[in-house]
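Residues in the sequence shown are numbered consecutively from 1, following full-length UniProt numbering.
Every residue, glycine too, gets a C-beta built ideally from N, C-alpha and C.
Values in this document were obtained by computation on a predicted structure and should not be read as measured data.
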Amino acid sequence: MFAAEFKREPVPQEYNFLHHVHSLFGKTFENEGHPQARRAAMQEKLLAYRLLVSEQMLAQGLSNVGDSRRMERFFGKLLRGEPVTMVTLGGSISAGQGVTVSSDAYIPRIYEWVSSVFPHKNHRFLNRALPGTTSSYVSPCALQMVPPEADFVMLEFTFNDAERASEGRDDPTRRGFERLIRKMLNLPNRPAVMYFHVWTPRRLGFKFYDSPENLIEMVPEYYGLPSISMRNALYHVVANFTVPADWLWRSDINHANCLGHRYMADLIIGYFQNIALHALDHPSDGVALQHESAVREALPEPMFKDNWETHASHCRVDANFKALVGQAQDWRWVNEGKSPERPKWGYVTEKEGDSLTVRVPTEGFTPVEGEPIDHAPLTIGVSCLMSYEHTGAVLLECEEGCVCKPREYSLRHWNHVSLVYWKPLLEVSLSNDTDHCTVRVSNPVRNSSDSKLKVSGVMITREDFMVSIFDYNKDAEEAERAEKAAPAGGPGSGVGGPPGSPGATVYRNLSDGRGCDGASGRSAVGRGSFRCEEWGNRFPGWQWVVPAWLIAAVLAAALVWDKQTWLGGLIRQCSRLNLNWPHARRRLLCCGEGGAVGKCEA
């Protein structure tokens with residue numbers, strides 16, 4: 001059998017939910033049959049879905065039980081037959097990358113389950129996940145992405161936030177993540193908010209502790225969010241090859257394949273089943289009132305000092321961003337997404353010296369005499385692609401209606417990923433007589449073959465926006481002075497010449513080879529205890545060539561030596577599964593609800 005499939009056992013008699021039926025269903029099920037029969041029918045409907053995960057996996061996967069009152073309130077609404085609005089925020093995995101048919105992704109599977117068990121024509125299922133984004137990127141835009149009437153919000157950022165989660169406990173990644181959580185919890189409808197940790201061992205490592213979720217989980221725990229861990233649920237079955245990693249993740253090592261998406265969906269659906277059963281068992285008006293009172297309680301103070309959320313944020317992305325751009329000669333407006341369902345629009349140029357202007361609306365942010373200014377200075381951020389290949393740098397400057405210090409950032413990512421980040425202009429001062437701030441975005445002259453620059457959005461906020469230590473290092477001032485003192489392209493210049501603008505603060509990544517001391521291989525600027533190649537080449541392919549050939553030779557010898565050995569049988573089984581793999585892939589990995597996965601092989 002390709003993978004084990006489990007059907008949950010019938011609920012014991014003592015857990016049969018035979019009381020409080022009238023108060024639960026109210027008028028919805030009045031005069032529609034015996035209440036006990038209605039309850040039994042709902043229970044059967046909840047458990048009709050056949051899970052691929054076992055009860056043990058469900059238990060292990062519940063990383064944090066948290067405060068479930070909001071979840072029970074949400075399912076109480078579904079059980080009463082009321083419409084709900086469900087929203088997902090996350091990265092490319094939640095956006096559906098890894099599957100060839102969008103309905104096979106884990107978010108559509110979850111929404112389909114809710115719709116089939118609790119049908120209502122006015123349900124709203126919104127997937128606001130954006131490929132290549134972090135929680136810090138989404139936070140300033142969250143209130144525009146999530147409607148105020150949302151009843152449920154799921155967050156998924158572990159993989160993308162992992163790229164910066166090692167910076168320290170109080171770092172920009174987790175500060176932005178905390179503000180996002182606070183915004184969601186404080187939405188007018190006080191929605192149920194849960195967190196889902198996606199696991200990508202082929203990228204982050206196969207050791208249990210290689211996952212960054214322990215660093216990220218502290219924030220959901222602080223706010224009592226229920227959280228589900230794909231790593232906790234699947235680690236042991238992957239480690240002992242009950243379900244090999246190749247069966248769950250694509251060859252790009254970043255994204256789950258169709259079967260992986262099915263497992264993710266089932267972990268969450270299994271959790272939903274348990275919460276719904278509990279809500280079915282506790283339907284009294286008194287409990288409902290307690291839940292309503294609980295969700296209206298004020299949130300605790302931020303876990304990180306002065307990390308208050310603010311409504312003073314505004315974002316423009318995609319077509320809304322394009323409308324703000326002027327003077328974009330030699331730039332191309334292109335979609336670099338891999339499918340129509342996951343677009344990645346933005347302005348792109350590879351020509352050094354090119355620039356464009358962005359007219360950023362500042363209405364509501366301009367200081368008014370006699371009115372207090374929000375708690376944090378004004379920040380304007382430009383959304384830029386950071387990648388492990390081809391990308392160069394970006395220079396940001398205030399031109400009209402505002403004053404700020406120019407900033408130059410490297411866009412070379414230290415890992416084998418491509419993500420978008422806000423590159424900020426900090427402490428922007430606005431003119432009193434204007435309703436906009438014009439920002440110039442330039443591709444600085446660096447005389448480099450890696451000169452791609454892609455910009456896809458702009459945001460303005462009064463959130464406490466910190467610059468990451470991966471963008472900025474404490475010796476940047478000294479580096480800038482050294483570059484000004486050295487001849488262009490000479491020793492100490494680091495970037496092949498002076499910064500792109502006089503007075504600009506230079507920001508770099510440690511993985512950038514131009515910031516390395518060629519003799520020692522160590523970073524020439526800041527955090528010198530790290531070798532540059534540790535950041536830029538974490539998975540050098542040549543190191544695997546000899547071991548791969550050696551392993552292949554050993555396995556072939558074992559098969560020839562004794563075809564009846566368990567090793568030979570394993571090899572034959574793997575070979576059989578991989579015959580005509582492109583044709584068989586969907587049948588093997590995406591079988592329907594009608595039976596075990598193994599039956600799809602025929």
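For residue j and residue i, the rounded distance between their alpha carbons
i           : j      : result
Val417      : Met57  : 30 angstroms
Thr85       : Val382 : 31 angstroms
Ala548      : Leu280 : 54 angstroms
Leu259      : Asp433 : 57 angstroms
residue 604 : Trp422 : Residue 604 lies beyond the range of the chain shown here (1 to 602); nothing can be said about it.
Thr173      : Pro212 : 12 angstroms
Gly326      : Val441 : 11 angstroms
Lys45       : Leu79  : 12 angstroms
Lys121      : Ser313 : 33 angstroms
Leu378      : Glu178 : 19 angstroms
Ser431      : Glu363 : 11 angstroms
Lys322      : Arg316 : 9 angstroms
Asn240      : Lys77  : 41 angstroms
His197      : Ala256 : 13 angstroms
Leu185      : Ala150 : 10 angstroms
Met194      : Phe159 : 16 angstroms
Asn509      : Tyr49  : For Asn509, the pLDDT reaches just 38, beneath the cut-off of 50, and the residue's location in the model is therefore unreliable, although a value from the coordinates is still provided. Their Cα atoms are separated by approximately 48 angstroms.
Val334      : Thr391 : 16 angstroms
Arg190      : Leu453 : 40 angstroms
Tyr263      : Asp171 : 32 angstroms
Ala557      : His278 : 55 angstroms
Pro140      : Thr461 : 7 angstroms
Trp331      : Asp210 : 40 angstroms
Trp345      : Ala95  : 15 angstroms
Ile380      : Ile107 : 32 angstroms
Gln36       : Leu126 : 34 angstroms
Tyr111      : Gly401 : 46 angstroms
Glu389      : Arg70  : 44 angstroms
Nearest to residue i (by Cα), restricted to the options the options
i      : options                        : result
Glu427 : Asp435, Cys404, Val445, Trp414 : Cys404
Pro424 : Phe208, Tyr137, Asp435, Asn320 : Tyr137
Pro343 : Gln97, Gln43, Ser68            : Gln97
Thr349 : Glu399, Thr310, Val455         : Val455
Gly61  : Trp331, His123, Leu267         : Leu267
Arg359 : His436, Trp414, Arg412         : His436
Asn254 : Met42, Asn186, Ala162, Pro108  : Ala162
Ser410 : Val445, Thr379, Pro377         : Val445
Val101 : Lys338, Ser449, Thr379         : Lys338
Thr357 : Gly346, Trp345, Cys398         : Cys398
Ser115 : Ala393, Cys141, Ala95, Gly81   : Gly81
Ala393 : Phe365, Trp345, Ser355, Ser429 : Ser355
Phe272 : Leu47, Leu550, Ala557, Val554  : Leu47
Ala41  : Phe118, Asp330, Glu112         : Phe118
Tyr223 : Ile181, Pro188, Leu555, Arg262 : Ile181
Gly91  : Leu453, His123, Met154, Tyr347 : Met154
Ala319 : Tyr347, Asn189, His311         : Tyr347
Pro131 : Cys141, Asp170, Ile93, Arg109  : Ile93
Trp414 : Leu187, Arg175, Ser387, Phe365 : Ser387
Glu221 : Asn64, Pro361, Gln36, Asp450   : Asn64
Gly176 : Phe208, Val219, Tyr209         : Val219
Asn214 : Ser448, Arg169, Arg124, Val439 : Arg169
Phe365 : Met459, Ser449, Asn447         : Met459
Ala328 : Ile216, Lys351, Glu336         : Lys351
Phe152 : Ala95, Cys141, Ser103, Pro83   : Pro83
Phe157 : Glu336, Ala192, Leu126, Ile216 : Ile216
Glu336 : Asn447, Ser448, Leu385         : Leu385
Nearest-angstrom Cβ-Cβ length linking residue i and residue j, presumed shorter than 8 angstroms
i           : j      : result
residue 608 : Val87  : Because the chain spans 1 through 602 in this model, residue 608 falls outside it and cannot be assessed.
Ile275      : Glu72  : 6 angstroms
Gly457      : Pro226 : Gly457 to Pro226, Cβ: 31 angstroms. No contact.
residue 603 : Glu297 : Outside the displayed span of the chain (1 to 602) sits residue 603, for which this structure offers no information.
His261      : Ala105 : 5 angstroms
Thr134      : Leu419 : 7 angstroms
Arg109      : Ala265 : 4 angstroms
Val439      : Leu395 : With 8 angstroms as the limit, Val439 and Leu395 do not qualify as a contact, their Cβ atoms being about 11 angstroms apart.
Residue i CB to nearest heavy atom of the ligand NAD below 7 angstroms
i      : result
Val317 : With respect to the ligand NAD, the structure offers nothing, as it holds no ligand at all.
With contact counted as at least three CB pairs below 8 angstroms, one residue from each stretch, are the region 183 to 202 and the region 221 to 233 in contact?
-> The region 183 to 202 and the region 221 to 233 touch, with no fewer than 3 CB-CB distances between them shorter than 8 angstroms.
In chain order, each beta strand (DSSP E) run of at least 3 residues that lies wholly inside the region 177 to 238 | Taken in chain order, the complete beta strand (DSSP E) segments of 3 residues or longer contained in the region 177 to 238 are 192 to 197, 227 to 229.
Tell me, please, whether the region 143 to 151 touches the region 297 to 306 by the rule of three or more beta-carbon pairs shorter than 8 angstroms.
-> no
Pick out the complete alpha helix (DSSP H) segments inside the region 290 to 323, 4 residues or longer, and give them in chain order.
-> Runs of alpha helix (DSSP H) with 4 or more residues, each lying fully within the region 290 to 323, are found at 318 to 322, listed in chain order.
Please specify which runs of the alpha helix (DSSP H), each continuous and at least 4 residues long, are wholly inside the region 141 to 166, giving them in chain order.
-> 142 to 145, 158 to 161
Sequence ranges, alpha helix (DSSP H) only - wholly within the region 29 to 80, length at least 4 | 35 to 46, 55 to 61, 69 to 79
Identify every run of the alpha helix (DSSP H) within the region 90 to 141, keeping only runs that are complete inside it and at least 4 residues long; order them along the chain.
-> Qualifying alpha helix (DSSP H) stretches, in chain order: 92 to 95, 106 to 117, 135 to 138.
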